[in-house]
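For the sequence shown, the working numbering begins at 291 and goes up steadily by one.
For glycine and all other residues, C-beta sits at the position ideal for the given N, C-alpha and C.
Quick notes on the structure that follows.
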Amino acid sequence: MIEQLAKTAARGVVEGFIAQDRHDFDAASLHFSVMFQTMFPEYDSETLLKAAGSYVSALLAQSKLKDEHSDLYNRLHDERWGFVRSQLSNTCRLLDIPDSFGLETEEVWRYHAGRDDSYVKHIIEFHRVLVRRLTGGEAGFKELAGLYTTGLAFHDQHSLYGVKRGIEVMELYFRILFDAMSGTTREMIPATRG
């Protein structure tokens, strides 16, 4: 069950980002709604599609402003980041995620667009919020943030190799997340004395 959910979610997120890169709002929204459905099964399809639509609107807006500014300073300080934040806030409201998830996600995209490695700190923080929302705790959020960062790096290659490896990384990401959501415990390895 978790394996299939992880495959579905991984394909949804990777295909969603590919559709966003092609500026295909409808396809991206559909793919992200599929991903959201695996994470938030308590919501109906209409709510998930609305949440995905807001998420994709934010993605397309950040992509457009990134494409319009070759100057990194202007990319970081464009007033349209406010629109991106408001769309992410709407996604958070629809899925009952703390608004700090949206703020941290916007900061990821903004600093990534500005080629500032500070985006990694914000990936860690949005995972802290997301994992707490989905599991009630924070166990594993750093591991998930690391995998997400790796998946993003593969996506940035814009190659068939990057897509294939990105899907593999995101399948592992979602298996770990869904294990945590289902309460699957990790066995501790006893410390050895040397």
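{"Asked": "Quick one: any contact between the stretch 365-381 and the stretch 389-406, if contact means 3 or more CB pairs under 8 Å?", "Found": "yes"}
{"Asked": "Mark H417 as exposed unless 16 or more other C-beta atoms lie within 10 angstroms of its C-beta, in which case mark it buried.", "Found": "buried"}
{"Asked": "Determine, using beta-carbon pairs with one atom in the stretch 356-367 and one in the stretch 325-342, whether at least three such pairs fall under 8 Å.", "Found": "no"}
{"Asked": "Of the choices D361, I466, D316, I457, whose alpha-carbon is the least far from that of Y345?", "Found": "D316"}
{"Asked": "Along the chain, where does the alpha helix (DSSP H) that runs through A296 open and close?", "Found": "292-311"}
{"Asked": "So, is the C-beta of A342 closer than 8 Å to a C-beta in chain C?", "Found": "Going by chain labels, chain C is absent from the structure shown, which holds only one protein chain."}
{"Asked": "For the stretch 350-417, list the alpha helix (DSSP H) runs that are entirely contained and at least 4 residues long, ordered along the chain.", "Found": "362-367, 371-385, 389-403"}
{"Asked": "Report buried or exposed for Q447, applying the criterion of at least 16 other Cβ atoms within 10 angstroms of its Cβ.", "Found": "exposed"}
{"Asked": "Can you have a look at M460 and say buried or exposed, based on whether 16 or more other CB atoms are within 10 angstroms of its CB?", "Found": "buried"}
{"Asked": "Given a cut-off of 8 Å, decide if G452 and F444 are closer than it, judged by their beta-carbon atoms.", "Found": "yes"}
{"Asked": "For R400, count neighbouring Cβ atoms within 10 angstroms of its own Cβ and tell me buried if that reaches 16, exposed if not.", "Found": "buried"}
{"Asked": "Taking all protein chains shown into account, do 16 or more other C-beta atoms lie within 10 angstroms of the C-beta of Y363, making it buried, or fewer, making it exposed?", "Found": "exposed"}
{"Asked": "Locate the alpha helix (DSSP H) running through G285, then write down its first and last residues.", "Found": "Shown here, the chain extends from 291 to 484; a query on residue 285 therefore has no answer."}
{"Asked": "Look at the alpha carbon of G302 and the alpha carbon of D361, and state the distance between them as a whole number of angstroms.", "Found": "32 Å"}
{"Asked": "Find out if the Cβ-Cβ distance for the pair T440, V410 is shorter than 8 Å.", "Found": "no"}
{"Asked": "Please tell me whether S319 and L295 are closer than 8 Å, where the distance is taken between their beta carbons.", "Found": "no"}
{"Asked": "What residue does the alpha helix (DSSP H) around Y438 start on, and which one ends it?", "Found": "431-446"}
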